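Student: Sending over a structure as C-alpha cells; questions will come in a sec.
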Amino acid sequence: MKTPIPFYLEEILKRVRDNTDGEVADYIPELAEADPEKLGAAMCTTTGNVYSAGDDDVEFTIQSISKPFTYALALQELGLDRVREIVGMEPSGEAFNELSLNQEDHRPVNPMINAGAIAVTQLINGVDSEPEDRVECLRKFFSRLAGRELHIDNDTCASELDLSDRNLSLAHMLRNYDIIEDEAHDAVATYTQQCSIVVTVRDLAVMSATLSNGGRQPVTGEKILDADVCRLTLAVMSSAGMYDGAGRWMAEVGIPAKSGVSGGLIGLLPGQMGVATFSPRLNKEGNSVRGVDAFRMLSKDMGLHLMSTEERYGVAPIRNVEQDDNLTVFFLQGQLNFNAAETILHELADFDFDTSTVVLELSHVAGTHRIGRRMLKEGLRRIRESGFEIAVIDPNEILSNRTMSDGTEVPVGDHEDYQINGETIDIH
Ligand code: GLN
C-alpha cells in the first residue's frame, strides 16, 4: 500500500495552482528573478515521516521564517526573562517592517516583526559575540533543525544589505534606546545573513516539526530545544506570525504560522506536525498567495484548525476493565494528559469495586503529562484510603516516580504477579 498523503498534497497544489494573484517581491534582483510558477509543499509529522509534493527541492532564502527559530534559540540560551527585556510578546497589527517600538519602554512589540527580530538576533551567542560568530551559531542551529548542512546565499544577502535603509533605521532606533549594543550596521548584517540561509520546503517542514515536537528533531532524534521554549515560540507565532493579517489568519486557518518574503510559509501543529509551502507571489501583507490558499484547504479538509471544538484528541484512556473475585485491573492507553486523567478518575470514582485489589495497567500508555501522573497517583491513594490494595503494572516506567502525595510509594507488580480467573494478565 502507498500512503495517500503525498497524493493529497499534490491535490492541494493542483487546486491552488491557477491562482496567479499577487506579486513576487521585487525590491532586490535575487528575489525578483524567482520563478513565480514554482509551487511546493511538505509535511513532517512529529513521528518523523516526511511527505512532499511539487517543487519540493527548489531552494530559496528563508527570510522572515527565520524569526521564530532565532527567537527559540534566544529563549533557549537566555531564558524568557532576559529575552523579554528587549522584546515584547504582543501582536503588532502592523506590517513586518514598520518603524515602530513600544511607546512606554521602547522595546519592539514582538519578535516576528523586523524591529523585534533584529533585537533578538543580537542576543545570540552572547551580546559580546563578533557578528560572524553569531551568524555561524545561527547557521549551525538552523542546520541541526533541518537535519542537514545549510548555507547562506551571499548574493541575496549583499543585495539586501545594499537596500537596507529601513532595517538600518530600525537598528539605529534600537541602539538609541539601548535595546541592542552592536553597531547598527553589524546588527542588520547579522540579521540579513540569517534571512539569507537557503532552505527547501522539506527543510522548513522538518524544522517546524522540531518545534511542534517539543524540541526533538523528529528525523534525527536529536533533542535541540526545551519544550517550554517551543511552547512560547508557537504562542507568539499564533498571535503575531502573520503580521497585520494575524487575527484573520487565526480565525480562518487556526495554525500558528510564519511567512517570508521569498514565498515560503510554515504552519506548526503542536504535538502533530510541521507544514511548509513555497510559492513566490505575495499578497499585500507580504504572505504567499497560494501558500495562504493551501493552508486554508489543509486546515479545513484535514481538520487542523487549532481552535476546532469538534475534534477529540487522543484515544479513550481506559482500554478495558477486567475483574475476578479479588482483582480489578484497569488497562489504560494513549496520552495521559489532564483530560485523559480526569476521565479515568471519574470512572474510578463511580466504579463499584467488589475486589480487594485495584491495579492500573500502563503498558499501552504512550506518554504522560506531569499533571496526568499526579492525578493518577492521587486516584490510587484515595482508592487505598477507602480500604483497597493498590498497584501499578508499569514496565515502561511511565509514572517515572511512584511517590504519592502522602509520601508513600505506589506498589509495582508485573503481569505474573496478577492473575484474573487463574490466568496471568494478558496484554496485547
Ligand atoms: N529580509 C527581509 C527584511 O528584513 C525579510 C522580510 C520578510 O521576509 N518579510 O526586510
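Residue 350 in UniProt numbering is what sits at position 350 of the sequence shown, and the numbering runs on without skipping anything.
C-beta: ideal position from N, C-alpha, C; glycine also.
Quick caveat: nothing in here was measured; it's all calculated off a predicted structure.
Strictly by DSSP, which residues pair up with valine 358?
Tutor: Within the sequence shown, numbered from 1, the residue matching residue 358 stands at position 358. The partner list for valine 358 (beta bridge, DSSP) reads Thr328 and Ile390.
Student: Going by DSSP, what residue range makes up the beta strand (DSSP E) through leucine 161?
Tutor: As a first step, residue 161 is located in the sequence shown; it is residue number 161 there, counting from the start. Careful: leucine 161 lies outside any beta strand (DSSP E), inside the alpha helix (DSSP H) at 154-162.
Student: Can threonine 70 be considered in contact with the ligand GLN, in the sense that its beta carbon sits closer than 7 Å to one or more heavy atoms?
Tutor: As a first step, residue 70 must be located in the sequence shown, where it is residue number 70. No.
Student: When DSSP labels each residue in this structure, what does glycine 214 get in the three-state scheme?
Tutor: On the sequence shown, position 214 is the one that residue 214 refers to. DSSP places glycine 214 outside both helix and strand once states are collapsed to three, so it counts as coil.
Student: Assign arginine 84 to buried or exposed, taking buried as 16 or more other Cβ atoms, counted over all protein chains shown, within 10 Å of its Cβ.
Tutor: Within the sequence shown, residue 84 is the residue found at index 84, counting from 1. Classification of arginine 84: exposed, given that the 10 Å Cβ count is below 16.
Student: Are the beta-carbon atoms belonging to valine 229 and glutamate 59 less than 8 Å from one another?
Tutor: Translated into the one-based positions of the sequence shown, residue 229 becomes position 229. Translated into the one-based positions of the sequence shown, residue 59 becomes position 59. Contact flag unset, no.
Student: For a quick check, are the C-beta atoms of methionine 207 and alanine 146 less than 8 Å apart?
Tutor: Counting from one through the sequence shown, the residue named residue 207 turns up at place 207. Counting from one through the sequence shown, the residue named residue 146 turns up at place 146. Yes.
Student: At a cut-off of 7 Å, would you count glutamine 193 as near the ligand GLN, judging by its Cβ distance to the nearest heavy atom?
Tutor: Here residue 193 refers to the residue found at position 193 of the sequence shown. No, the ligand GLN has no heavy atom inside 7 Å of this Cβ.
Student: Would you mind sorting methionine 307 into buried or exposed? The rule is 16 or more other CB atoms within 10 Å of its CB.
Tutor: The residue given as residue 307 occupies position 307 in the sequence shown. Looking at its Cβ environment, which holds fewer than 16 other Cβ atoms inside 10 Å, methionine 307 is exposed.
Student: Which value, in whole angstroms, describes the spacing of the CA atoms of glutamate 149 and lysine 140?
Tutor: Taking the sequence shown and counting its residues from 1, the one referred to as residue 149 is at position 149. Taking the sequence shown and counting its residues from 1, the one referred to as residue 140 is at position 140. Straight across, the Cα-Cα distance linking glutamate 149 with lysine 140 is about 8 Å.
Student: If methionine 43 and alanine 171 are in contact, beta carbons under 8 Å, what's the gap, nearest whole angstrom?
Tutor: As a first step, residue 43 is located in the sequence shown; it is residue number 43 there, counting from the start. As a first step, residue 171 is located in the sequence shown; it is residue number 171 there, counting from the start. Actually they are not in contact, since the Cβ atoms of methionine 43 and alanine 171 sit about 36 Å apart, beyond 8 Å.
Student: Of all the options Thr233, Gly116, Arg384 and Asp21, which has the alpha carbon lying nearest to the alpha carbon of leucine 75?
Tutor: Position 75 of the sequence shown, counted from the start, is the residue given in the question as residue 75. Considering only alpha carbons, the answer is Thr233.
Student: What's the gap between the Cα of leucine 399 and the Cα of valine 135?
Tutor: Position 399 of the sequence shown, counted from the start, is the residue given in the question as residue 399. Position 135 of the sequence shown, counted from the start, is the residue given in the question as residue 135. Distance between the alpha carbons of leucine 399 and valine 135 is about 42 Å.
Student: Please state whether DSSP places histidine 428 in a helix, a strand or coil.
Tutor: Along the sequence shown, read from residue 1 onward, the residue named residue 428 stands at position 428. In this prediction, histidine 428 scores a pLDDT of 47, lower than 50, which makes its location untrustworthy; no coordinate-derived value is stated.
Student: Does the segment 175-190 come into contact with the segment 38-54, if we say contact requires no fewer than three beta-carbon pairs (one atom in each stretch) closer than 8 Å?
Tutor: no
Student: With a threshold of 7 Å, establish whether the CB of asparagine 167 neighbours any heavy atom of the ligand GLN.
Tutor: Locating residue 167 in the sequence shown gives position 167, where the first residue counts as 1. Yes, the ligand GLN has a heavy atom inside 7 Å of this Cβ.
Student: Strictly by DSSP, which residues pair up with alanine 276?
Tutor: One-based indexing of the sequence shown puts residue 276 at position 276. DSSP output for alanine 276 lists Ala42 and Ile266 as bridge partner(s).
Student: What separation, rounded to the nearest whole angstrom, lies between the Cα atoms of histidine 428 and arginine 382?
Tutor: Taking the sequence shown and counting its residues from 1, the one referred to as residue 428 is at position 428. Taking the sequence shown and counting its residues from 1, the one referred to as residue 382 is at position 382. Note that histidine 428 has pLDDT 47, beneath the 50 cutoff, so the model's placement of it is unreliable and the number below is only indicative. Those two C-alpha atoms are separated by around 29 Å.
Student: In whole angstroms, what separates the C-alpha of leucine 339 from that of valine 236?
Tutor: Numbered from its first residue, the sequence shown carries residue 339 at position 339. Numbered from its first residue, the sequence shown carries residue 236 at position 236. Checking the sequence, you will find asparagine at residue 339 rather than leucine. Straight through space, the alpha carbons of valine 236 and asparagine 339 are spaced by roughly 25 Å.
Student: Where in the segment 110-193 do unbroken runs of the alpha helix (DSSP H), each at least 4 residues long, occur, reported from the N-terminal end onward?
Tutor: 114-121, 131-146, 154-162 and 165-176, all fully within the segment 110-193.
Student: Kindly list the residues whose CB is nearer than 8 Å to the CB of tyrosine 27, restricted to its own chain and excluding five residues on each side of it in sequence; keep chain order.
Tutor: Translated into positions along the sequence shown, residue 27 becomes position 27. Excluding residues within five positions, the ones whose Cβ falls inside 8 Å are Leu163.
Student: Starting from lysine 300 and walking both ways along the alpha helix (DSSP H), at which residues does that stretch end?
Tutor: In the sequence shown, residue 300 corresponds to position 300, counting from 1. From DSSP, the alpha helix (DSSP H) with lysine 300 extends over 289-301.
Student: Taking its Cβ as the centre, do 16 or more other Cβ atoms sit within 10 Å of glycine 372, making it buried, or is it exposed?
Tutor: Along the sequence shown, read from residue 1 onward, the residue named residue 372 stands at position 372. The C-beta of glycine 372 has 16 or more other C-beta atoms within 10 Å across all chains shown, which makes the residue buried.
Student: How about valine 201: is its Cβ closer than 7 Å to a heavy atom in the ligand GLN?
Tutor: Mapped onto the sequence shown, residue 201 falls at position 201. Every heavy atom of the ligand GLN is 7 Å or more from the Cβ of valine 201, so no.
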